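Just remember that my numbering sits 47 ahead of the position in the sequence shown, which is counted from 1. No residue lacks a Cβ here, since even glycine has one placed at the ideal position from N, Cα and C. These figures come from a predicted structure and were not determined experimentally.
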Amino acid sequence: MVHVRKIVGQVHYRICTDCGQGLITGIDIDGSFLSSGLGNRALSHLRARHPGMSWRSTLSLRTTRDLLRCMHIPAASADVPCVHGLTAAG
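Rendered as structure tokens:
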């Protein structure tokens, strides 16, 4: 995520195009942008960039958990999400 030519956030994720599954493993947002809606925009952009994917998340901190709940992205279970292995994408 870029604001005035400065990186202010990043979403880390893995995908499996065979299964159509995506796993969000991290969300980093500059502190001055935490309540700006940037997280919602970033996850919406991620969904638009990879349409048709079923998303889950490994994140459990309160701030990210609340964002993911708002965006209807469930927590990932402990089992392996797919047999193909997920490819790091973001």
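As summarised for the stretch 91–132, the continuous alpha helix (DSSP H) elements at least 4 residues long and confined to that stretch are 109–117, given in chain order. Per DSSP, the unbroken beta strand (DSSP E) holding Asp-75 starts and ends at 68–76.
DSSP links Gly-56 through a beta bridge to Ile-76.
Straight-line measurement puts the Cα of Gly-84 at about 17 Å from the Cα of Ala-95. Just measuring C-alpha positions, the residue of Arg-88, Ala-122, Gln-68 and Cys-66 sitting nearest Gly-56 is Arg-88.
The alpha-carbon of Met-118 is positioned some 15 Å away from that of Ser-107.
By the Cβ-count criterion, Leu-81 is exposed, with fewer than 16 other Cβ atoms from all chains shown falling within 10 Å of its own Cβ.
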